[in-house]
Amino acid sequence: MEKIEHYINIIKMHNRPWSDFEKSVFMIILCLTVVFCIYGIIKKKLKLYQAIAIICYVVCICFLYATTLFTRAPFGSHEFRCRLGLDLRLFLAGVQSEWDQVILNIILFMPFGLLWPVIRRNKCSICEVIFIGLVLSLSVEIAQYITMRGVMDVEDVITNVMGAFLGGVIAKTSTQIYSKSV
């Protein structure tokens, strides 16, 4: 429980509260998503569980961009870091700040791996989950570079994709266990 509080405090420390404009944009996106999902259910294109997963997915995307981009002040310069293996070596050596960085990146992307198979009615491969994680991660890292609101870091992409992969493995394994027990 102490570790969870530690990570929650890190998230709070690095993210300012949302502005009224950001809250409004989030609410508009959420409302449009709900309307889209209701329409999909009415037209029998979506099942209820898929609609719920889509809404959760969109909320996760909004949280992702808010956490990694919109709530940060610009640095004033474009920063790119490609220290392949360094963060992971420091992580394995037990350096706390690297533990925090790697764990939070993995946790941040696990929902995408968990929810994607639900949205796709489990008709997707782990490779597709990895690809979705890669696209989302690259979109964040490129946006951070362009807007100067963070460091474009290759190792972040790697750990983010690891998170999506782990989420996908958990989703696929859970589905297999559930289908065998039914």
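Under the numbering used here, read the sequence shown as residues 22 to 203, first letter to last. No residue lacks a Cβ here, since even glycine has one placed at the ideal position from N, Cα and C. Here the structure is a predicted model, which is why all the values come from computation and not from measurement.
Between the alpha carbons of Thr-89 and Val-161 lies a distance of about 7 Å. Under the DSSP definition of a beta bridge, Met-131 lacks any partner. The Cβ atoms of Val-150 and Gly-134 lie closer than 7 Å to each other. The continuous stretches of alpha helix (DSSP H) do not include Glu-100, and DSSP gives it neither H nor E. Taking a cut-off of 8 Å on C-beta distances, the stretch 33–52 does not touch the stretch 64–75, as fewer than three cross pairs fall below it.
For Leu-67, there is no enclosing alpha helix (DSSP H), as DSSP marks it with neither H nor E. Our two residues, Glu-176 and Gly-184, have alpha carbons roughly 12 Å apart in a direct line. For Arg-37, the CB contacts under 7 Å within the same chain, skipping 5 residues up- and downstream, are Thr-92 in chain order.
Spatial neighbours of Arg-102 in its own chain (CB-CB distance under 6 Å, excluding positions within 5 residues in sequence) are listed in chain order as Val-172, Asp-174. Met-173 carries a strand assignment under DSSP once its states are collapsed to helix, strand and coil. Taking each of Leu-125, Asp-121, Thr-180, Lys-193 in turn and checking the Cα distance to Asn-143, the smallest one comes out for Lys-193. Residue nearest to Tyr-166 within the set His-99, Asn-181, Ser-40, Leu-157 is His-99 (criterion: CA-CA distance). Spatial neighbours of Phe-130 in its own chain (CB-CB distance under 6 Å, excluding positions within 5 residues in sequence) are listed in chain order as Gly-154, Asn-181, Gly-184, Ala-185. By the neighbour-count criterion, in which 16 or more other beta carbons inside 10 Å mark a residue as buried, Cys-83 falls on the buried side. At a Cβ-Cβ threshold of 7 Å, Ala-74 and Ile-140 count as neighbours. Taking the Cβ atoms as the reference, Pro-132 lies roughly 16 Å from Thr-196, outside the contact range of under 8 Å. Leu-69 counts as exposed, since fewer than 16 other C-beta atoms from the protein chains shown sit within 10 angstroms of its C-beta. Of the residues assessed, Cys-58 falls on the buried side of the cut-off, its CB having 16 or more other CB atoms within 10 angstroms. Within its own chain, the residues whose Cβ lies closer than 8 Å to the Cβ of Pro-95, once the five positions on either side in sequence are excluded, are Thr-168, Met-169, Arg-170, listed in chain order.
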